[in-house]
Structure formats: C-alpha cells, structure tokens
Amino acid sequence: MLFAIKLNLALHQQSHEGFASSCFEEDEVDFKRTEKEQCTAAHIAINVDGDKQNHTEKTQRQSQNVENGKQHSMNPNSTSELTVATSATSNKSKLLLVGLTVSTTSVIVAILWYFCSWKYGLPALIAAIFATTLVAVGWRWFYIALVTTQRDVTALWAYIRLLVLIKRYERNNVSVGDIFQMNVEKYPDKLVIVSETQSWTFRQLDQFANRIADLFHSHGFKKGDVIGLLLENRAEFVGMWLGLSKLGITIALVNTNLTGASLVHCIVVAKCSAFIYGEDFEETIEGVATQIPPKLYQFNNAINKPVRNSAADLATLMNSTNHVTTQPSAIQHPNHHDRLMYIYTSGTTGLPKAAVISHSRYIFISAAIHYTLGFKSKDIFYTPLPLYHTAGGIMSIGQAIVFGATVAIRKKFSASGYFADCVRFNCTIAQYIGEMARYILATPESDYDRAHQIRLVFGNGLRPQIWTRFVDRFNIPRVGEFYGATEGNANIVNNDNTVGAIGFVSRIIPQIYPISIIKANPDTGEPIRDAKGLCQRCAPNEAGVFIGQIIKGNPTREFLGYADESASTKKIVHDVFKKGDMAFLSGDLLTSDERGYLYFMDRTGDTFRWKGENVSTGEVEAQVS
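Mapping of the sequence shown onto full-length UniProt numbering: position 225 corresponds to residue 225, and the numbering continues sequentially without gaps.
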C-alpha cells in the first residue's frame, strides 16, 4: 500500500513538473507573392530549368492549431499572481482528495486481504491504485496516456539507443573519421555518394580524403587550424572536409550564395588560415581576395587548368605528387569533443554566425534522426539540399558517414527532377524543406509521381495546408517532420505522422527530454517572468517561445554556441524555472495541444524564411546600402 501511495504521488508530481537552404533549379511556376516578400543578393535565386526567378516569402504569422483549428493567442500582460494562487488552491484540494481516497481504499484493501486472502485482495489493490491515480491526475491524464503511449514508448526506445551509442563513442574517444573508417572496412565497395555525374564507393571517398589529409599536412597545417570551404554539392565536398578532419582541422562550410562583405565576414569570424573554393566561385573570390587569408586553394574540375587570385591549383597538386591514399599516420588524433566544423546560420539580427559542430555533435545529430525515424543502413537517401547546411550535410550525409548508407545528391534542386531522381537512384528515403513540396506539387503530373520506392520523406517546414495533398499525390507512406536549430538543443521530431505537427513533448514523462514553451513577448522573444523572476510555462494552445534546458555532461542537452562567444551568450536564458538553471532560447514561437504535439507559429525578431534559409533583415540592409 505504501508503494501505491508513492506511485500516485510520483505521478501527481510528474503531471505538474518538468521542462514540459538551399540552391534551387526550378521548373517555371507562377506563384502569387505576398506583400511582405523581401529578397537579397546574398541568398538564393531560383533557377527555373534555365530561367531564373526570385521568389521570396515572409513566414506568415499564422495561429493555426491543426488538432482543433483554434486560434492561439498570447497575452504578455497576464496576471501571473492570480494563476499561481488558483493553482495553489487547486493543488491543496487535489491533495486532500487524494489523501481521502488513499485512506478509504487502503482500509477496503486491508479488510478484503485479511478476510478473503489474495484472491480478492490483489484485484482490490490494483483497483485501489487505479482509483487513487485517477483522483491524483484526473481521467483526462489517463486518456492522453492511452492515446500517446505508442508514440512516447517508440521515442523513448530511440532515445535510449541514442544515449547508449553516444556514451560508447564518448568513452572510446571516437571521432567522425574513426566511425567512417569502420564503415570503409565494412562496406569498401558499397556506393557512398552518387549524383548525376558521380558514383563513389566508401573506399574511393576514403582514398580521396586521405590524399587531402596528406597534402595539407605536408603544407604545414595541423590540429586546431581552421580552413574555409566554398564548393557546390559534389562528392569532393565531403571528401575535403572529411580529410581535413583527420588532421584535427576545423572546416568552415561557407554558404555558396554569399558574396562581398557577407563572405568576408564568414571567413574572418571563423579565423580561417586558408580557404578552398571551387572554380565556379573564381570571380566571387577575386572580388574579396585582398580581404581574406593569402593561402588560397582553387579546386578545378580538371588538372593543369589556369587559376587566378594567386591560388594554388588543388586538383593538380593532388595528382602531381605521390600523396598517400591510406589512413594518415603520425598525426595528432582529433578527440571526440573537438571542433569538427562551423556551419553558418542566420540569427534574428546581423550577419551569419558560425555555429560550432564538434565531432560528438555531428554524431549525435546523425544518430538522433536515424533512431527516431527508423532509418536503416540499407536505405538509399536522396537530398537536393546544400551540403553546407545541417539538413543536407549532417542529417543526410551523416547517414553515410556514421551508418554506412548510400546518399544520392544533386547540385541544385529541381522540382521536375525530384521524384525522377528518386526512381533513378532507387531511393527509399527522401529529404525536403517545406518550400520544395510546394514547387513539386505545382509540376504537371508524371509517371514518376508514384513509380518510386520512397517509404519516408523527412525535413522541416511542410505546411499543414499542403501536407495531405503532397502525400496523397505522391503516395508517401510516412512524413518525418522535424524542428531544430543547428546550434540549439531544443530539437524535436514528429515520429508518428501527425499532420502539421513539428514534434512533441511527452505529457506523461516530460522530464526525459526537458524542453518547454514559455510566455514571451511575441515581437522581441523576451521571456515574461513572474513575481519571483522566473519564466512561466505556457498552457496548451497558448503560443510562446520554445526553449531547451542546458545540462552540462548530457550530449542531448549541450549548447556549444558559436565561434563568437558574445553571440553565444545572447541565446542563453538564465533563471528559467529555478534560480541558476539555463536554457537555449530558440527565438521561435510554438504552441502545443493537449496531447503534447507542437506546432510552429512564427519567428521573433527581424527575420524571414526564404528558400529554406533564415534571413536576417540586417543582412538585407547590408546588401542594399
């Protein structure tokens, strides 16, 4: 009986606590522009199968809850004292009721057990536990627990597998290069990256990476150096950063759409000591050559091709000397928590920030989406997204590097070629961003629409208005919508195909993954605090800012921040639910329904969403001024 009382008190406590991009090559499609459209030369121009069109769209401030269609609101001036007082009174009444129920049922169970033995006493005990829990948390809690059990248990199992993997790699000080080497030994002749013009095996990619490592080692580069990389989607892109990582070098993956001051900023803020760029960007570099590091390497599609900007011919260097193709030796090994790369992300203001991606975080991001959505090593992935961003460069390419899968890439996205590519490469999983789905839907129907073997599409930004149309037309069995920030720890996944939801937080065991929605000013994103100076959780169907608790030592709760430490501090909120705790402040407005499903509402600050990228109005201003 004491166990029953403890169980129900624990359940009662649980119910009240806890932290409850790309480049486009597009078919000609005419879309009506909204009055809030903006554009910038620093971002993507859609290539409409030969005709270029600029499309911009400000993320609409919509307040749609897909579950019940209600409009959500947020009142920054709500009276927190009244809420606290009402909650306290309610809790006292509930505790009194629980006490009476426990006392009564305990007496009944004791009598039945004494006079009728366990035959009647055991069912009575079970009934007593049920009745007490029902009173403690309410019948509605039982209903929610019932309908979300499969979702939560599936996610919990994936989370456990993720933690086991991460802890094992951490204990053995494993780097990304180490894991890739394991897959090379396991799948030497399996295709790792394929495209319209390339088909590379694991062995070929490893040999290319080793030659890069040997070349740059001979040029004096060492662990701790930073080298920038500006290259379009191709197998060599992966081979270059992978090879440099074997030396312990941090690679800054630069957005291929940047020019001028924005490009210089990205190179300077990362403190690059050298810069590698493809021949397609020769003129771009020529315009800023005097403002960036003097050590420039140009990668051409052919050897002995003339280069400008006093750059070294990387392709010729790799072929003119006898650089080893085996695993580099006598080189300082990168550690599990060392910096692997910088990925640039536009924040709420200002120029792009270099988000820190360590070896451990690369592994974590790849494994988290892998286990949560049930990916397999035998899957063939399709991504037309740019590899300099997290979505394409880690979530998809990471399936090859970490889990030995095959990834099909494309230089630029094409709506008419999306499912044609999936058929061509026999893909089983495809990646999207929300804008892509809209363009693909606008193409004429074709034989490729349902000729593919896609069992799941995953990505972010698939709007509820087109979700059902997309899966119905193209016969998509499952959608894995996710939400997250490259640098953040408030990342979620919709693992059960709920239309419109970007993820969920368990209503039964929210402490397992401490994320929450807090009350905040909808314009600035600044948290609204109570009389004690603490943040306030939002109720279901109430919009607020999404946060993730920061816990040092927990790989799922880390916040590594940016190369610029001052930028990192601006994303951390202190004294959240108790004095001294910290959380990552996403800057995005979300809302949740009764079952814990989360829905994207809007962005705070001066940003807008454009062709899969967050664009700061500060960047636009810098371009037009």
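The beta-carbon is built from N, C-alpha and C at its ideal position, and this holds for glycine as well.
From a predicted model like this one, the values you see are computed outputs, not experimental measurements.
If I measure Cβ to Cβ from residue i and keep anything under 7 Å in the same chain, skipping five residues before and after, which residues do I get?
i, result
"H574", "M582"
"A437", "L462, I466, F470"
"Y371", "A158, R161, L162"
"V486", "Before going on, a small fix: residue 486 reads as Thr here, not Val. Once the five neighbours on either side are set aside, the close Cβ partners of T486 are I343, T345, A355, T390."
"A520", "E526, P527, I528, G544, V545"
"Y169", "H336, I363"
Determine the closest residue to residue i out of the options, with distance taken between C-alpha atoms.
i, options, result
"N300", "A355, P293, E236", "E236"
"G350", "E542, Y187, C266, R450", "C266"
"residue 628", "I394, N233, I292, F381", "No answer is possible for residue 628: it lies beyond the span of the chain, which begins at 1 and ends at 625."
"I166", "G177, G278, R151, A368", "A368"
"residue 670", "A213, V174, S516, E279", "One cannot answer for residue 670 here, as it falls past the ends of the chain, which runs 1 to 625."
"P514", "S416, I547, C538", "I547"
"V174", "D564, P510, Y362", "Y362"
"S516", "A490, L340, T201", "A490"
"L247", "V226, Y277, V254", "V226"
"F364", "L560, A315, Y297, K579", "L560"
"N257", "Y388, T290, L340, F221", "Y388"
"C538", "K552, I551, P522, I550", "P522"
"H452", "D313, G484, K579, F419", "F419"
"S446", "V423, S262, S360", "V423"
"G398", "I509, A312, R171, F180", "F180"
"D496", "L317, G533, L456, K190", "L456"
Could you pull out every residue in the same chain whose Cβ sits closer than 6 Å to the Cβ of residue i, ignoring the five residues on either side in sequence?
i, result
"Y562", "K353, A354, A355, S568"
"N319", "I303"
"S78", "In this prediction, S78 scores a pLDDT of 42, lower than 50, which makes its location untrustworthy; the coordinate-derived value is nonetheless stated afterwards. Cβ neighbours of S78 beyond the five flanking positions: none."
"L163", "none"
"Y159", "none"
"L205", "V192, G239"
"G434", "G461, L462, R463"
"I551", "R557"
"L156", "none"
Kindly give me the distance between the Cβ atoms of residue i and residue j, rounded to whole angstroms, as I take these residues to be in contact under 8 Å.
i, j, result
"V545", "I518", "6 Å"
"L244", "F216", "6 Å"
"Q431", "A391", "7 Å"
"L263", "V288", "6 Å"
Where DSSP assigns a beta bridge to residue i, which residues make up the other side?
i, result
"A354", "Y344"
"L191", "T201"
"D313", "Q298"
"E544", "In the sequence as presented, Glu is not what sits at residue 544; that position holds Gly. Beta-bridge pairing links G544 to L590."
"M601", "Paired residues: none, contrary to the question."
"S175", "Answer is none; S175 lacks a bridge partner."
"T406", "I380"
"I227", "I251, A274"
"M582", "H574"
"C535", "R529"
"F482", "V493"
"V423", "In DSSP, V423 forms no bridge with anything."
Checking 7 Å against the spacing of the C-beta atoms, do residue i and residue j come in under that value?
i, j, result
"F458", "G488", "no"
"A400", "V192", "yes"
"A383", "S396", "Correcting the residue type first, residue 383 is Thr in the shown sequence and not Ala. Yes, the Cβ-Cβ distance between T383 and S396 is below 7 Å."
"K571", "L589", "no"
"L598", "F482", "no"
"S273", "P293", "yes"
"R595", "T148", "yes"
"Y277", "L230", "yes"
"I251", "M182", "no"
"S377", "F403", "yes"
"N255", "K411", "no"
"N322", "E286", "no"
"A145", "I508", "yes"
Can you list, in chain order, the residues of its chain whose CB lies under 8 Å from that of residue i, leaving out five sequence neighbours each side?
i, result
"I380", "A405, T406, V407, A408, F425, N426, C427, T428, I429"
"R450", "F474, N475"
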